[in-house]
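For our numbering, add 15 to where a residue sits in the sequence shown, where the first one is 1.
The beta carbon of each residue, even a glycine, is placed where N, CA and C say it ideally should be.
Computed from a prediction, not measured in an experiment: that's the story for all the values here.
First up is the structure itself, then whatever we jot down about it.
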Amino acid sequence: MNEDVKRILLLAANPKNTYPLRLDKEVKAIESGLMLAKERELFIFKHKWAVDPTDVHRAMLEFEPHIVHFSGHGEGIEGLVFESNEGDYGQLVSTDALAGLFGLFADQVECVILNACYSEIQAEAINRHISYVIGMNQSIGDKAAIAFSVGFYDALGAGRPIEFAYRLGCNAIQLSSSGKIFKYPQHLIPVLKTKSARSIIFPEAFTPNPSELQPTNPTDALAEYDVRRSSNPQDLSINQQSISFHYNLEQLSQEFIAGLDDFSDWVETEKIRNVLGRDLIRKLRTQEKQIRARLDSDFSLVVVGDFKRGKSTLINALLGSQVVSTAVTSETVTINVIQYGDHLRVEACLVDGGRVELQPDQLPSEQLLPILKGLPKPISHLHIEVPVEWLKGLCLVDTPGTGDIMRQFDKQVHTYLSQADVLIYVMFTPAVLSESERAFLKCSVLPQDFPKVFFVVNRLDEISEIEAQRLMERTRYQISNLFPNSYTFGLSALDEFCRLQDIERPNPSRASALEAEFQLFRNCIHNSILLNKNLIQLDRATDLMDQMLFSFEASMALIKSAMQSDQQRLNEAIQQCENTTSDLYARLDQHKQQIRQKIDLLCEEALDWMNIFVTRLEHESITSIPQSDLKEVQKHFHFFLTDALRKAVSQCIDTHSPCIAESVDKTLKLMTDEFQSLSNSDSFNLDVAQATFGDLPWTNLDTFNLLLELSGSDGIFELAGHLLLRQAKDLQELRQASQYVRRLKDSLHQLRQTVAQEVRLLYDNIAQKIETRITEVYQQAIEASISAMRQAQEIASHDSQHINSTNEGLREALSLLSDTRAFLKSFKQKLWSKDAVEINRSA
């Protein structure tokens with residue numbers, strides 16, 4: 016057998032319960048390319064259809080391939096999907112099993128291509144045995160996958176090495192998708208793992224030129240929708256060919272504004288105004304102004320995350336200079352709003368609208384905090400202008416850590432989160448997402464329904480490449496369960512900043528890989544945000560309009576039911592809402608008491624945990640003191656104790672936060688259901704309940720932020736520190752470790768009592784705050800319902816002609832709602848057609 020001949024084995028699997036792929040087209044394209052190649056005699060190509068796990072090792076034993084190519088579906092960390100020999104359903108083959116298989120054939124296989132979604136995990140494992148392995152770091156469209164295969168094998172057929180073939184394959188994707196806008200740049204999805212360097216080789220960095228960032232004529236910027244083999248089976252029958260729809264983004268914006276204008280004009284007609292009343296008209300006007308302001312404002316990119324995750328360093332790396340301050344302590348003490356300016360300029364913006372100009376060298380916290388304390392009013396945020404071109408039309412928001420921010424800046428962060436167009440969430444943990452981070456993502460980020468969320472696992476320069484790869488696998492798996500369409504990047508903002516400033520890199524051995532990772536992140540920011548910011552902003556405006564229509568619909572339902580009720584029943588319903596001794600308020604009190612009882616039980620659980628913690632402190636820390644330098648222990652132990660207690664109590668709150676939030680949510684829903692039975696159960700009371708409690712300005716976000724606010728209480732930590740400091744003088748005089756340990760153990764009883772007292776106080780404060788806020792929110796909702804019912808009473812007090820006119824106005828209002836909803840639905844379909852959507856090679 017000619018030793019120069021390379022044998023290529025393609026294994027295809029597309030089980031019936033997975034979305035159909037054009038694997039036949041991929042095989043045909045590869046075969047045609049190799050047949051036309053100038054060195055075609057050096058390649059033998061063989062393919063196997065519908066392979067199950069047994070077929071794989073049989074084919075490899077029979078054919079002895081040098082290159083193995085898998086085409087089909089991937090399930091990320093779960094493995095690859097093969098046919099099953101037991102039925103029509105696919106069979107998952109794990110990463111370990113695949114790595115073990117190729118380990119047995121490592122003496123003959125030179126390269127493996129996994130042309131399936133999220134197959135980078137398997138590629139990394141197989142690369143321990145095989146020199147070159149290509150996988151996909153995201154979901155990849157069918158056309159992009161085929162384009163990569165064609166480019167890759169065309170290069171091999173021309174005698175080029177695997178690294179060149181990989182790059183040509185990536186470029187083939189880029190060429191085939193030119194002019195189309197994807198949520199993730201398709202040509203950056205394939206990654207090449209090399210056994211020698213154990214590194215990822217990325218395509219050449221994409222650097223957008225001005226013509227790519229801004230079309231010469233904005234009216235010529237067409238949104239192209241290439242209807243491919245859709246992931247929706249209902250669309251398969253029409254997707255045998257490529258169909259393109261073209262919409263002008265500027266015209267879409269004008270169409271949306273025209274639709275908003277029409278709704279506004281209709282609401283102002285006399286008949287509809289008579290139905291809605293002044294309060295509802297005023298509410299609609301406020302919502303309309305928010306929608307228009309959203310369209311006119313700069314594109315908002317908000318950076319959030321727990322403290323000391325490197326958010327400010329990330330912003331400095333993106334901007335290429337030291338704009339915001341960083342330090343070894345939690346440095347961001349304000350909200351920093353960064354926008355374009357001709358020169359570097361900093362202003363402190365006060366809550367009353369006042370502004371104080373600062374010098375850039377006053378930004379570090381040790382200089383900034385004394386200045387802030389001397390200001391006549393509290394600070395709202397810092398406004399920073401930077402001469403960075405890509406910031407034009409962009410508002411970049413740098414926030415303090417989520418563990419700090421909710422105490423001082425919680426209301427402002429609510430506003431920034433609700434107004435954000437895109438979110439970057441920064442994290443770093445040597446294990447997995449912390450409880451507080453998971454709770455924040457579930458309660459604060461998930462309800463916002465951001466069109467694009469970027470997750471950044473930062474500070475990867477601090478761990479080894481293997482540790483980083485394992486961390487990224489776990490993190491991507493966790494995030495994919497909550498945010499399946501998000502982007503997750505592993506990088507080092509510090510390394511990128513050092514590179515740009517031409518100073519020593521934090522981890523020179525990983526400098527090349529870290530640079531490539533950050534470039535991938537930067538490219539995605541440019542391609543997914545800067546090129547699409549107008550589209551994203553318009554999408555967020557449609558969400559606001561949808562919310563306005565939902566609120567309008569709820570109010571209409573209440574008014575309609577109220578108008579159909581007689582005056583006596585309206586009076587009864589109003590009395591229920593106004594009388595604080597009514598059944599309504601009695602039920603409210605009962606539910607608040609149930610929440611308190613739930614929190615009391617959680618408090619007892621926290622006390623048990625803290626008691627166990629102090630016991631562990633005694634047996635694991637205090638008893639080990641004789642093994643350490645006594646002077647160092649005397650100098651630092653009380654600081655260690657204070658910090659350990661802070662972390663322990665915070666962990667209790669982190670663990671209980673989801674439970675408390677769920678309890679509050681269930682209570683709100685139960686109250687809605689029960690309201691109907693309070694006053695002679697009928698449909699009117701149900702509508703009153705839904706209108707009163709169905710659109711409350713209270714969500715799990717409020718509960719979570721409240722818990723963060725309260726968990727910041729330092730009373731317990733200060734008391735614990737003082738407890739030891741009272742004995743500090745005596746402890747410092749002790750010269751023997753045994754005496755020091757004995758004295759510490761003697762103080763543990765008092766420490767337990769102090770901890771228990773403070774934990775009870777903390778959980779009692781949580782219960783009180785939740786009760787108070789629920790009462791306030793419900794009172795606001797009840798007042799809104801009273802206003803709507805009094806509007807119905809006012810209508811009913813007129814003569815029959817006026818009532819008939821009002822009923823006609825109600826019908827027109829409901830018709831207006833239906834027409835506007837139809838317009839918005841059609842508009843969203845056009846808007847989303849700007850994305851080039853493909854079938855993803857994931858099951």
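Output the distance between the C-alpha atoms of residue i and residue j, rounded to the nearest integer angstrom.
i: D436; j: V371; result: 28 angstroms
i: Q808; j: M578; result: 8 angstroms
i: G91; j: N29; result: 16 angstroms
i: G156; j: D476; result: 32 angstroms
i: G505; j: S327; result: 16 angstroms
i: D313; j: L622; result: 48 angstroms
i: L406; j: N142; result: 40 angstroms
i: L127; j: I518; result: Leu is not the amino acid found at residue 127; the sequence shown has Val there. Each residue's alpha carbon lies about 38 angstroms from the other.
i: L36; j: K210; result: 31 angstroms
i: V366; j: R537; result: 34 angstroms
i: N794; j: R775; result: The displayed chain sequence assigns Gln, not Asn, to residue 794. About 29 angstroms.
i: E647; j: E773; result: 29 angstroms
i: S597; j: Q591; result: 6 angstroms
i: P523; j: V471; result: 21 angstroms
i: Q266; j: E178; result: 44 angstroms
i: T33; j: Q374; result: 60 angstroms
i: V629; j: R757; result: 15 angstroms
i: S336; j: K467; result: 26 angstroms
i: H358; j: I675; result: 48 angstroms
i: M861; j: L24; result: Not covered by the structure: residue 861. The range shown for the chain is 16 to 858.
i: Q844; j: T835; result: 14 angstroms
i: A308; j: Q552; result: 11 angstroms
i: N254; j: R525; result: Here the model assigns N254 a pLDDT of 38, short of 50, so the residue's position is not dependable and the matter cannot be decided.
i: H813; j: A588; result: 21 angstroms
i: L659; j: G369; result: The residue asked about is misnamed: residue 659 is Ala in this sequence, not Leu. Roughly 41 angstroms between the two C-alpha positions.
i: L846; j: N263; result: 10 angstroms
i: G172; j: G87; result: 23 angstroms
i: A531; j: E135; result: 16 angstroms
How close, in whole Å, do the beta carbons of residue i and residue j come, if the pair is a contact with beta carbons under 8 angstroms?
i: D554; j: L529; result: That pair is no contact at about 33 angstroms.
i: G118; j: V108; result: Rounded, the Cβ-Cβ distance is 14 angstroms, inconsistent with contact.
i: L113; j: A140; result: 7 angstroms
i: K40; j: I161; result: 6 angstroms
i: A873; j: F838; result: It is not possible to answer for residue 873, since the shown part of the chain is limited to 16 through 858.
i: T414; j: I330; result: Incorrect: roughly 10 angstroms between the Cβ atoms, too far for contact.
i: Q106; j: F97; result: 5 angstroms
i: E400; j: Y431; result: With 8 angstroms as the limit, E400 and Y431 do not qualify as a contact, their Cβ atoms being about 18 angstroms apart.
In three-state DSSP terms, what is residue i?
i: A27; result: strand
i: H358; result: coil
i: S728; result: A caution first: S728 carries a pLDDT of 44, below 50, which makes its placement in the model unreliable, though a value can still be read off. Three-state result, S728: coil.
i: E372; result: strand
i: H81; result: coil
i: K21; result: strand
i: Q754; result: helix
i: G320; result: strand
i: E593; result: helix
i: N331; result: helix
i: D615; result: helix
i: Q106; result: strand
i: S672; result: helix
i: D413; result: strand
i: I296; result: helix
i: F465; result: coil
i: N263; result: strand
i: L438; result: strand
i: F120; result: coil
i: S639; result: helix
i: F443; result: coil
Looking at the strands, I want to know which residues DSSP matches up with residue i.
i: K63; result: L26
i: Y492; result: Paired residues: none, contrary to the question.
i: K88; result: A quick correction: the sequence has His, not Lys, at residue 88. Its beta-bridge partners are V96.
i: I399; result: I353 and V361
Identify every run of the alpha helix (DSSP H) within the region 768-856, keeping only runs that are complete inside it and at least 4 residues long; order them along the chain. 815-847
Runs of 4 residues minimum, wholly inside the region 124-212: which ones carry the alpha helix (DSSP H) assignment? 135-141, 157-172 and 177-191
Along the chain, which unbroken stretches of the beta strand (DSSP E) at least 3 residues long are found entirely within the region 491-557? 502-505
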